[in-house]
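Participant:
In UniProt numbering, the protein residues as written are 1 to 266.
#1: What do you reckon, are the CB atoms on residue 64 and residue 46 nearer than 8 angstroms?
#2: For the candidate residues 96, 30, 241, whose alpha-carbon lies nearest to that of residue 15?
#3: If we call anything under 8 angstroms between Cβ atoms a contact, is residue 86 one with residue 75?
#4: Closer than 8 angstroms is the cut-off here; do at least three beta carbon pairs connect the region 118-137 with the region 231-243?
#5: Going along the chain, which residues of its own chain have a beta-carbon closer than 8 angstroms to the beta-carbon of residue 264, five neighbours each way excluded?
#6: Should the region 224-234 be called in touch with the region 178-185, which here means at least 3 C-beta pairs below 8 angstroms?
#7: Could you tell me which uninterrupted beta strand (DSSP E) segments, each at least 3 residues in length, are contained entirely in the region 57-94, listed from first to last along the chain?
#8: Since residue 117 contacts residue 91 with CB under 8 angstroms, what's their CB separation in whole angstroms?
#9: Along the chain, where does the beta strand (DSSP E) containing residue 189 start, and where does it finish?
#10: Helix, strand or coil, according to DSSP, for residue 162 in the structure here?
#11: Could you have a look at residue 251 and say whether DSSP puts it in helix, strand or coil?
#12: Given residue 10, which residues of its chain have a CB within under 6 angstroms of its CB, disregarding the five upstream and five downstream residues?
#13: Nearest by alpha-carbon distance to residue 51: which of 160, 176, 216, 148 is it?
#14: Cβ of residue 121 within 8 angstroms of Cβ of residue 130?
#15: As a quick exercise: from 213, 104, 223, 187, pick the residue whose alpha carbon is nearest that of residue 148.
#16: Under the rule that 16 or more other beta-carbon atoms within 10 Å means buried, what is residue 72, buried or exposed?
#17: Within the continuous alpha helix (DSSP H) that includes residue 135, where are the two ends?
#18: Any idea if residue 195 is buried or exposed, counting beta-carbon neighbours within 10 angstroms, 16 or more meaning buried?
#19: Could you tell me whether the Cβ atoms of residue 221 and residue 115 are closer together than 8 angstroms?
#20: Please classify residue 137: is it buried, with 16 or more other beta-carbons within 10 angstroms of its beta-carbon, or exposed?
This is how it looks when you write it as structure tokens:
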């Protein structure tokens, strides 16, 4: 069997989509990252991208994390360190990867990290105690797609509904990730919306209070008009440009001689 002797890129980018969404929701990042000449991957998480949301029934958050870890390991064959870009639930998975692989995650780009949901049934919300009881009655929850500018939306947002058991497992991921935040100390770039109907802005405060990342290694960009699907809505060019500039900056740091030597020694 032939052995791949090609040198690794100093940096790669793993892009993780959100709950009930697909790679289409984040694919706007692909071409600009390709222009940087670094490897990237947009894996499809278990139960997503199927003709019917029924594909999510019975799928649990640890399977989504398994998929993210498998993609992380595969991309690590091509790059010494990885930037993990996660949208919504993908941001939660990215934080898990940073806690598990602290020496291999270069940095995180967390786009609308889903810690506090608009839904009153979500973790930390007033009616969260009733979520389990409602699941005994309702086998699916309808999902509403909201774009700030529907006429200019560049992709389909997500499934139109989701099985209740998958939603409850997503809630478990939120709680699990919150406990891991003190283990996250890598550089972090947060992109969040001032006004949307899925994730509350207070998610940023919860994240900022929990992570161990030094203040000097934290950045945040607030979008003023976007709905939850940042890379498909009216400010997508701003969001994509900001993420690619951040990755470009991390790439420049990784290419400095002292950084390259440190990484080689890992």
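All C-beta atoms, glycine included, are put in the ideal place defined by N, C-alpha and C.
Facilitator: Quick answer:
#1: yes
#2: The candidate whose alpha carbon is nearest that of residue 15 is 30.
#3: Result no, Cβ atoms of residue 86 and residue 75 do not sit closer than 8 angstroms.
#4: no
#5: Any reading at residue 264 needs caution, since the residue's pLDDT is 38, under 50, leaving its predicted position unreliable; the model's value is listed next. Only residues of its own chain outside the window of five on either side were considered, and among them 80 have a CB closer than 8 angstroms to the CB of residue 264, listed in chain order.
#6: no
#7: If we require 3 residues or more, the beta strand (DSSP E) runs fully inside the region 57-94 come out as 79-87.
#8: With a beta-carbon spacing of about 13 angstroms, residue 117 and residue 91 fall beyond the 8 angstroms limit used to define contacts.
#9: 188-193
#10: strand
#11: For residue 251, the three-state secondary structure derived from DSSP is helix.
#12: 80, 254, 255
#13: 160
#14: yes
#15: 223
#16: buried
#17: 131-135
#18: Residue 195 comes out exposed.
#19: no
#20: exposed
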